[in-house]
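Enquirer: The number in the working numbering is simply the position in the sequence shown, starting from 1, with 3 added. Ideal Cβ placement from N, Cα and C applies to all residues, glycine included. A quick note: this is a predicted structure, and the numbers were derived from the prediction, not measured. Here you go, one structure.
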Amino acid sequence: MRTFLAASLALTSLCTPAALRAQMNHDDMGPPKHEFGVDLGVTYLKPSGSTGTFQVGTPVDVRIGLNPAGSMMIEPRFTLALLSGGGATVLLFDPGVNVLVKMGRGHGMHNIMGPYFTVGADVSIVSASGSGSTTNGAVIGFNGGIGSRTPFGSSATRLEAFVGYHLKNTKLGSPDILDIGVRIGLSLCKGRECLP
Numbered sequence: 004m005r006t007f008l009a010a011s012l013a014l015t016s017l018c019t020p021a022a023l024r025a026q027m028n029h030d031d032m033g034p035p036k037h038e039f040g041v042d043l044g045v046t047y048l049k050p051s052g053s054t055g056t057f058q059v060g061t062p063v064d065v066r067i068g069l070n071p072a073g074s075m076m077i078e079p080r081f082t083l084a085l086l087s088g089g090g091a092t093v094l095l096f097d098p099g100v101n102v103l104v105k106m107g108r109g110h111g112m113h114n115i116m117g118p119y120f121t122v123g124a125d126v127s128i129v130s131a132s133g134s135g136s137t138t139n140g141a142v143i144g145f146n147g148g149i150g151s152r153t154p155f156g157s158s159a160t161r162l163e164a165f166v167g168y169h170l171k172n173t174k175l176g177s178p179d180i181l182d183i184g185v186r187i188g189l190s191l192c193k194g195r196e197c198l199p
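The following block contains the structure:
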């Protein structure tokens, strides 16, 4: 049946052979089930009661989107950081989860390209050492933002602006912290399904 349909479309010049092959591959693969991405971010951190600072994130910021073809996607995110200075060393592991909701129908293959908004929460697990002692603790945070996916070869780029708030932890000596920033990243889907 598919061969007959392909021949009919080619004879009537309704589509090019390349477009037809892309459509047939699209049908065979089905919608993407996962989106894997890494990000680089720039954040302005404003602890309560003190001046703010800028922080540049490293590519060790990983996210895994579940069912990106739908209008809503669940996205676990993980950040790992090692900070050193002033005689102290801080190891931070920051797992979290965000919900992404498409704004509008989207475009491209499976309509996954285009703008979205997101909300989420995370827990920063911190181990700080210095002066011969080590302190461990956790800091809870919440965030929200808007972003967009844009086709990039066989992948997609993502640009996201966000604002976050981390609650204080007196054991760690960490105050309430307001985060404002942007992150840009590269997303890969299963096979070539991020293609527009």
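Determine the burial state of Gly90: buried for a count of at least 16 other Cβ atoms within 10 Å of its Cβ, exposed for fewer.
Expert: exposed
Enquirer: Report the rounded CA-to-CA distance for Ser87 versus Lys174, giving the unit in angstroms.
Expert: 19 Å
Enquirer: Reducing DSSP to helix, strand and coil, say where Met116 ends up.
Expert: strand
Enquirer: Around the C-beta of Tyr119, are 16 or more other C-beta atoms found within 10 angstroms, so that it is buried, or is it exposed?
Expert: buried
Enquirer: Classify Met76 as helix, strand or coil using the three-state DSSP reduction.
Expert: Shown here, Met76 sits in a strand according to DSSP, grouped into three states.
Enquirer: Kindly say whether Met106, judged by its beta-carbon, lies nearer than 8 Å to any beta-carbon of chain D.
Expert: The structure shown contains no chain D, having only a single protein chain.
Enquirer: Is DSSP giving Phe69 helix, strand or coil here?
Expert: Checking the sequence, you will find Leu at residue 69 rather than Phe. Three-state result, Leu69: strand.
Enquirer: Can you list, in chain order, the residues of its chain whose CB lies under 6 Å from that of Pro98, leaving out five sequence neighbours each side?
Expert: Correct list, in chain order: Phe81.
Enquirer: Could I get the ranges of all uninterrupted beta strand (DSSP E) runs contained in the region 103–169, with 3 residues as the minimum, in chain order?
Expert: 117–133, 136–155, 158–169
Enquirer: Pop quiz: Val166 and Asp182 are said to be a contact at Cβ under 8 Å. What is the actual Cβ separation, rounded to whole angstroms?
Expert: 7 Å
Enquirer: Look up Ser51 in the DSSP assignment and say whether it is helix, strand or coil.
Expert: The answer is coil: DSSP assigns Ser51 none of H, G, I, E or B.
Enquirer: Determine the DSSP secondary structure at Thr173, reduced to helix, strand or coil.
Expert: Here Thr173 sits in coil by DSSP.
Enquirer: Report the option in Lys171, Met116, Ala84 whose CA atom is closest to the CA atom of Leu191.
Expert: Answer by Cα proximity: Met116.
Enquirer: With DSSP as the reference, label Pro98 as helix, strand or coil.
Expert: strand
Enquirer: At the level of alpha carbons, what is the spacing between Gly176 and Tyr168?
Expert: Going from the Cα of Gly176 to the Cα of Tyr168 covers about 16 Å.
Enquirer: Can the beta-carbon of Ala124 be found closer than 8 Å to that of Gly148?
Expert: In this structure, Ala124 lies away from Gly148, with their beta-carbon atoms at least 8 Å apart.
Enquirer: Just to check my reading of the structure: Val65 and Val102 have Cβ atoms closer than 8 Å, yes? What is that Cβ distance to the nearest angstrom?
Expert: Actually they do not touch by this definition, with Cβ atoms about 17 Å apart.
Enquirer: Tell me whether Ser127 is buried or exposed, calling it buried when 16 or more other Cβ atoms sit within 10 Å of its Cβ.
Expert: buried
Enquirer: What do you reckon, are the CB atoms on Ser151 and Val104 nearer than 8 Å?
Expert: No, Cβ-Cβ distance for Ser151 and Val104 is not below 8 Å.
Enquirer: Should Ile187 and Thr160 be called a contact, given that it needs their Cβ atoms to be closer than 8 Å?
Expert: yes
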